[in-house]
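Asks: I am attaching a structure below and will ask some questions about it afterwards.
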Amino acid sequence: MTVPERRAQSARRGVVVGFTFCALALALSACAQQERIDTVNVVTGIPWSAPEAYRYVIVNSKEEPQGEGVFSVTRDAGGNFVMVQQFSDEDGNSDRSTVVADAATLRPLAGERVIVDASEDRRVTAVRVYGAEDGDAIVRIAEQTYDPPDEDDPSLRCSPLKIDGEHYYDNDISLFLWRTITFEEGWSGTYTNVIANRRAQRALTVRVRRQERIT
Numbered sequence: 029m030t031v032p033e034r035r036a037q038s039a040r041r042g043v044v045v046g047f048t049f050c051a052l053a054l055a056l057s058a059c060a061q062q063e064r065i066d067t068v069n070v071v072t073g074i075p076w077s078a079p080e081a082y083r084y085v086i087v088n089s090k091e092e093p094q095g096e097g098v099f100s101v102t103r104d105a106g107g108n109f110v111m112v113q114q115f116s117d118e119d120g121n122s123d124r125s126t127v128v129a130d131a132a133t134l135r136p137l138a139g140e141r142v143i144v145d146a147s148e149d150r151r152v153t154a155v156r157v158y159g160a161e162d163g164d165a166i167v168r169i170a171e172q173t174y175d176p177p178d179e180d181d182p183s184l185r186c187s188p189l190k191i192d193g194e195h196y197y198d199n200d201i202s203l204f205l206w207r208t209i210t211f212e213e214g215w216s217g218t219y220t221n222v223i224a225n226r227r228a229q230r231a232l233t234v235r236v237r238r239q240e241r242i243t
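Counted the way this note's numbering counts, the sequence shown spans residues 29 to 243.
As structure tokens, this is what we get:
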């Protein structure tokens, strides 16, 4: 499979803007008082065909490479989507998220996030498995800290999180999820956003304010 390399400034801005919007949306949700509200299915269609992958070179204002980001979608043996987003630099820092989700609904089944901090000489993993307990949707989260990164006996935290709302998605596939919404002016939808590595969930609303054609 060919992985296209994108160095254009527009592509770089797309990545930056996308993640800035993601952080802003989560920040606004976190500031709001958490209430029980109705959620909806925001997936109206899958616009990709697996396997699919894109590689972005992250550069500074002088067009000097600072690192890279890779987004990919494949299928596992059961036909589920395996969605990966990974960022890394030449200093040995990396952040890789992998989420397995139902191929029709993108409802998450399992996931893992691995962060390597070269400056702190440690590696942190957050593994989660989605399921049900007493009729409620839950996600079991195990967080492990390897300090240093090659340590064999990490510290471990593990606890279940009850998920509110019928329609929920894993935060680490947000950029994939937003590709599936109805891009019609005035459309909006609210879903439960599960932020597994923070053991948190937020009611997140996405809206299409207007349509624009760009080059």
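By construction, the Cβ of each residue, glycine as well, lies at the ideal position given by its N, Cα and C atoms.
Give the DSSP-derived three-state secondary structure of Phe204 in the structure shown.
Replies: Looking at Phe204 - three-state DSSP - the assignment turns out to be helix.
Asks: Helix, strand or coil for Asn108 per DSSP?
Replies: Coil at Asn108, not helix or strand.
Asks: In the DSSP assignment, what residue or residues form a beta bridge with Thr231?
Replies: It should be noted that the sequence gives Ala, not Thr, for residue 231. Paired residues: Thr220.
Asks: Closest to Pro136 by C-alpha separation, out of Asp145, Val167 and Gly120, would be which residue?
Replies: Ranking the options by Cα distance to Pro136, first place goes to Val167.
Asks: Is Ala81 near Ser100, with beta carbons less than 8 angstroms apart?
Replies: Contact: yes.
Asks: Does DSSP put Arg135 in a helix, a strand or coil?
Replies: Coil.
Asks: Consult DSSP for Arg238 and reduce its assignment to one of helix, strand or coil.
Replies: In this structure, Arg238 counts as coil in the three-state DSSP scheme.
Asks: Measuring straight from C-alpha to C-alpha, what distance separates Ser89 and Asp119?
Replies: Cα-Cα distance, rounded: 19 angstroms.
Asks: Using the C-alpha atoms, what's the distance from Asn69 back to Asn199?
Replies: Going from the Cα of Asn199 to the Cα of Asn69 covers about 15 angstroms.
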